[in-house]
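What follows is one structure encoded as structure tokens, with my remarks underneath.
Number of protein chains: 2
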Amino acid sequence: MNLKQFSEILKLSPTTVSRALNGFPEVSEKTRTRVQNAAKEHNYRPNTQAKSLATGRSMAIGHVLPTFKKEIINPIFSDFIAGTGEVLSKSGYHMALTVVEDQGEEAAYRDMASKRSVDGVIIHGPRENDSRIALLQELGMPFLVHGRAQQMETPYSWFDVNNRRAFKRATQLLISLGHRRIALLNGLEYMDFAARRRRGYEQALTEAGISIDSNIMRSEEMMEPYGFAATMQIMQQPNPPTAFLVSSVIPALGVQRALLKLGLQPATDVSIVIHDDQLSFLPIDADRPMFTSTRSSIKDAGKRCAAMLLEQINNPGGETLTELWEAELVIGESTGVVKTSL
Amino acid sequence: MNLKQFSEILKLSPTTVSRALNGFPEVSEKTRTRVQNAAKEHNYRPNTQAKSLATGRSMAIGHVLPTFKKEIINPIFSDFIAGTGEVLSKSGYHMALTVVEDQGEEAAYRDMASKRSVDGVIIHGPRENDSRIALLQELGMPFLVHGRAQQMETPYSWFDVNNRRAFKRATQLLISLGHRRIALLNGLEYMDFAARRRRGYEQALTEAGISIDSNIMRSEEMMEPYGFAATMQIMQQPNPPTAFLVSSVIPALGVQRALLKLGLQPATDVSIVIHDDQLSFLPIDADRPMFTSTRSSIKDAGKRCAAMLLEQINNPGGETLTELWEAELVIGESTGVVKTSL
DNA sequence: CCAATTATTCAAAGCGCTTTGGATAAATTA
DNA sequence: TAATTTATCCAAAGCGCTTTGAATAATTGG
């Protein structure tokens, strides 16, 4: 059923029906409710493409997902979009996902821009001086960066968690518990968030007069076997650490497995602090969480990102928006005072 | 830049340009290449909505994600869409995600149908006699079910992994290793796949003359703490099992943690077999995988689902398509012969 | 009661594309 | 060379909506 047919049923012009449904004031309340009820009854909804064509708005926001970046099409993403999607759907928007092969990322953005298939995009996993930002600015496409890129000359809108501060505080917590050998199992450090986390860790150590030892620092994709292998290796070298700072729950499970295998009790023998994105399928927040963590919900981040992007879209000439959230430091079962007798 | 402007540059009619770009035979090869090159040079791409409106195809396939189903917006999903997306983008399609609150699922499908915003949908996580199937049939929207629903009177297209067979074989493997007390940590059994897995497990036991004991069977959302808690509890009751059959890697990590905490070595003291969806961020397939598993890639499933749905879309009147994959049984480090002396 | 507002409704143009049915130019055939 | 076919290209209609500008009906004021 299209507008014309529907309006014939009502014996009204398409104009009036359209206005009634879109909440324009030029139509009387009486006919408006009549139209709305009839729409429900006859299950009429305006054709998406026609509406978009006429209004110039696609009512969609885009995500470009490069297949090679496992860091992105990964567990984080599913919770993130659960958040964005929730906010978007309340505003009548949906998400358009495009999966591209390694090269095609730039092309995908150009495509979206010239085809006008989305009204804005969210950029994931920014790196230093990320080329996508300049590209989207050039294309005049509204966008919001989840995270931050460094060394950008022009301003842009972003949402981020204070990763540096979070890891600084986590490190300070461990130091205050007496730990002086603290290992860092970081994510890939060409990712901006991981670089910041490392800086926070190093700052805390330096300020406490503890030297930085690359023998107990690692940087890899955040997977379970990574946590296991790194822990096994680090714990078996001379002068092993008494604590681990781990970038995500997933490798932390590996750390835990390694410790147990080595006959060491988490917390008692070796402390662990992790960053917890509060992934829905890896819940660690019981009354007393399994891990001590710096916590920040990735789903809430998704919600906020969506809201900020919508704001940009609805206010084209506006200022760039930025927002920085602090992670919460939550004490769980995986940390304890350092063992004096080692 | 729109078609009219672009065609004026070329001093050709919109008709010819459109035909040149869409590969119609009525245009000479010479002008075709000229048009194509110019399109590249001037960065011209047809407006998506206009094209869709004219052709009646949205070039998008939809996923409806109910927020309350953690089982769906979860780790599985990100790998699944990585697969679907890859296939779709090769055919010029993209994915439209709609996140809905608990109630709104049916409305979301009706919406897609009457707005013509997608050309087809993929249904996730079917249950017994799933109402979505009848709904989409009524709406005349092409769809493909990832999994199967039971007790449906009308045929429909689906793709599934033989979950029953997989778990039957896994159970038989354990039996052949001498295990006779085998615990089952299943997913939620109102999900079709979990129900089938249970049936496979029970079949194998029954055929081996082993009685089914609900004391060592659990059915919950597949999370790490579930695996941990269930294992702790099951192992501490009288007559504990010598093996665990676990529905996913995630709870299996919890099982492992519990065993280690109880001072039991996986494989040596207690065997574990899991189902492995080969999630990209939880890789367990080293040379010799961490877990013995029934293995079937969820990403490949995503690819196949996309291909099958496209086939449906391109062949409207056609037969319903069905495909059943067998999972691979892969021996890893988590299984061993049962201990004779207990 | 008639003119001036104001509240409703509508006809028609336009969004940017595809596609039908011709028209024109070039090539072929008799 | 004229008639026919074939290869190119095009004008215009249509996809289903929004929106401008105008018309009509209802209301108000003097």
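Heads up: the protein sequence lines correspond to chains E and C, in order. Take the position in the first sequence, starting the count at 1, then add 327; the result is the number in our numbering. Take the position in the second sequence, starting the count at 1, then add 327; the result is the number in our numbering. Every residue gets a Cβ at the ideal spot worked out from N, C-alpha and C, and that includes glycine.
Between Ala434 of chain C and Pro453 of chain C, the beta carbon gap of about 19 Å keeps them out of contact (Cβ cut-off 8 Å). Non-local beta-carbon contacts of Leu511 of chain E in its own chain, meaning distances under 6 Å to residues more than five positions away in sequence, involve Tyr528, Met544 and Leu572 in chain order. Judged by DSSP in its simplified three-state form, Gly447 of chain C adopts strand. Runs of the alpha helix (DSSP H) lying entirely within the stretch 355 to 400 of chain E and spanning at least 4 residues, in chain order: 356 to 368 and 375 to 382. With contacts defined by Cβ atoms closer than 8 Å, Pro610 of chain E and Met549 of chain C do not form a contacting pair.
Here Arg492 of chain E has Gly527, Glu653 and Ala654 as same chain residues with Cβ atoms under 8 Å from its own Cβ, once five neighbours each way along the sequence are excluded. In this model, Met479 of chain C and Val354 of chain C are separated by some 50 Å (Cα to Cα). Within the stretch 535 to 555 of chain C, those residues whose Cβ lies closer than 7 Å to any Cβ of chain E are, in chain order, Met550, Glu551 and Pro552.
For a Cβ distance threshold of 8 Å, residue set Ser405, Ser607 and Phe608 of chain C lies close to Asn401 of chain E, ordered along the chain.
Taking 8 Å as the upper bound for CB-CB distance, Ile388 of chain E and Val445 of chain E are in contact here, some 6 Å apart.
For Thr621 of chain C, the enclosing beta strand (DSSP E) starts and ends at Thr619 to Arg622.
Contact check for Ser575 of chain C against Asp604 of chain C passes: the beta carbons are separated by less than 8 Å. In the structure shown, the three-state DSSP call for Phe351 of chain E is coil. The C-beta of Asp457 of chain C has 16 or more other C-beta atoms within 10 Å across all chains shown, which makes the residue buried. Per DSSP, the beta bridge partners of Phe571 of chain E are E:Ala510 and E:Ile599. Beta-bridge annotation (DSSP): Pro593 of chain C is paired with C:Val597. In this structure, Val600 of chain C lies away from Gly554 of chain C, with their beta-carbon atoms at least 8 Å apart. In the three-state scheme derived from DSSP, where H, G and I count as helix and E and B as strand, Leu609 of chain E is classed as coil. When E:Met386, E:Glu660, E:Glu335 and E:Glu547 are compared, the shortest CA-CA separation from Ala366 of chain E is found for E:Glu335. Residues of chain E with a Cβ closer than 8 Å to the Cβ of Met468 of chain C do not exist; the shortest Cβ-Cβ separation is about 13 Å. For Leu591 of chain C, the nearest beta carbon of chain E is not closer than 8 Å to its own beta carbon. In this structure Leu651 of chain C is exposed. Its beta-carbon is surrounded by fewer than 16 other beta-carbon atoms within 10 angstroms. At a Cβ-Cβ threshold of 8 Å, Gly412 of chain C and Leu532 of chain E do not count as neighbours. At the C-beta level, Arg443 of chain C and Thr375 of chain E come within 8 Å of one another.
CA-to-CA, the gap between Gln464 of chain E and Thr647 of chain E works out to about 12 Å.
Among the bridge pairs identified by DSSP, Val472 of chain C is matched with C:Ile450 and C:Trp485. E:Asn566 is the residue among E:Gly474, E:Asn566 and E:Val427 whose C-alpha sits nearest the C-alpha of Asp540 of chain E.
In chain order, Pro568 and Thr569 place their CB closer than 6 Å to the CB of Arg508 of chain E, counting only its own chain and leaving out the 5 sequence neighbours on each side. In the three-state reduction of the DSSP assignment, Arg496 of chain C falls in the helix class. Cβ-Cβ separation between Asn370 of chain E and Ser441 of chain C: approximately 6 Å, consistent with a contact (criterion under 8 Å). In the structure shown, the three-state DSSP call for Thr649 of chain C is strand. Between Ala556 of chain C and Ala585 of chain C, the alpha-carbon positions lie close to 8 Å from each other. At a cut-off of 8 Å between C-beta atoms, Asn349 of chain C does not count as an interface residue with respect to chain E. Residue pairing from DSSP places Arg545 of chain E in a beta bridge opposite E:Leu512. Listed along the chain, the chain E residues whose CB falls inside 7 Å of the CB of Ser416 of chain C are Thr425, Val426 and Val427.
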